[in-house]
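Residue numbers (the working numbering): 620 to 759.
Encoded structure:
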């Protein structure tokens with residue numbers, strides 16, 4: 620019946636959300652984990668306001684574990700490379716459009732990148748290759 624279908628659909632959607640949460644949590648534990656703006660700023664040698672400005676200007680990817688004004692945004696430690704902000708993040712964010720999707724894109728091995736993480740390519744200075752890959756994945 621239609622009621623059974625709706626119930627099954629909702630149940631499947633809930634299971635998918637739970638699986639996605641586990642994937643996200645495991646993903647964000649890789650490459651140094653997630654940091655508060657204060658922790659991120661300390662490693663970068665700057666202040667929390669600078670971190671916030673990097674995020675607002677699109678140069679940094681962030682994630683709020685729970686939406687809300689009082690929830691602090693977290694930043695992946697992997698975005699710091701050789702003591703500074705990893706170059707190319709703004710271009711990746713522009714192509715992918717969503718911080719969480721951009722993080723997944725960068726942190727997961729990709730067949731189109733020779734079974735490497737696009738993050739590793741960024742670290743090698745291959746920004747245009749990563750942007751091109753992002754465009755392909757996003758259908759641009």
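The C-beta atom is built at its ideal place from N, Cα and C for all residues, glycine as well.
In the structure shown, what three-state DSSP assignment does residue 757 receive?
Numbered from 1 along the chain shown, position 138 holds the residue referred to as residue 757. Residue 757: coil per DSSP, three-state reduction.
Could you tell me if residue 694 is buried or exposed, where buried requires 16 or more neighbouring beta carbons within 10 angstroms of its beta carbon?
As a position in the chain shown, residue 694 is number 75, starting the count at 1. Note on residue 694: 16 or more other CB atoms within 10 angstroms of its CB, so buried under the neighbour-count rule.
Skipping 5 residues on each side, what residues in its chain have a beta carbon closer than 8 Å to that of residue 691?
Working through the chain shown from its first residue, we reach residue 691 at position 72. Non-local beta-carbon contacts of residue 691 in its own chain, meaning distances under 8 Å to residues more than five positions away in sequence, involve 655, 656, 683 in chain order.
Report all residues from its chain with a CB closer than 7 Å to the CB of residue 697; omit the five preceding and five following residues, and keep chain order.
If you number the chain shown from 1, residue 697 lands on position 78. The residues are 650, 651, 738.
Check whether the Cβ atoms of residue 755 and residue 731 sit closer than 8 Å, and answer yes or no.
As a first step, residue 755 is located in the chain shown; it is residue number 136 there, counting from the start. As a first step, residue 731 is located in the chain shown; it is residue number 112 there, counting from the start. Their beta carbons are under 8 Å apart, which means residue 755 touches residue 731 by this criterion.
When you compare only the Cα positions, how much space is there between residue 658 and residue 668?
Against the chain shown, residue 658 aligns to sequence position 39. Against the chain shown, residue 668 aligns to sequence position 49. Our two residues, residue 658 and residue 668, have alpha carbons roughly 12 Å apart in a direct line.
Near residue 758, what residues of its chain come up, given a Cβ to Cβ distance below 8 Å and the 5 sequence neighbours on each side ignored?
Position 139 of the chain shown, counted from the first residue, corresponds to residue 758. Within the same chain, residue 758 has no close Cβ partners at all.
Mind reading off the beta-carbon distance from residue 713 to residue 677? Whole number of angstroms is fine, and I expect it under 8 Å.
For this step, residue 713 is matched to residue 94 along the chain shown. For this step, residue 677 is matched to residue 58 along the chain shown. Correct: roughly 7 Å between the Cβ atoms.
Please state if the CB of residue 725 and the CB of residue 736 are separated by a distance shorter than 8 Å.
By one-based count along the chain shown, residue 736 stands at place 117. By one-based count along the chain shown, residue 725 stands at place 106. Yes.
Other residues of its chain near residue 734: CB distance less than 7 Å, five sequence neighbours each side excluded:
Stepping through the chain shown from its first residue, residue 734 is reached at position 115. So the list reads 728, once near-sequence residues are dropped.
Any idea what DSSP makes of residue 672, helix, strand or coil?
To locate residue 672, count along the chain shown from 1; it is residue 53. Residue 672: helix per DSSP, three-state reduction.
Report the option in 679, 671, 660 whose CA atom is closest to the CA atom of residue 716.
Within the chain shown, residue 716 is the residue found at index 97, counting from 1. Taking only the C-alpha atoms, the option nearest residue 716 is 679.
First and last residue of the beta strand (DSSP E) that includes residue 693?
Taking the chain shown and counting its residues from 1, the one referred to as residue 693 is at position 74. For residue 693, the enclosing beta strand (DSSP E) begins and ends at 693-695.
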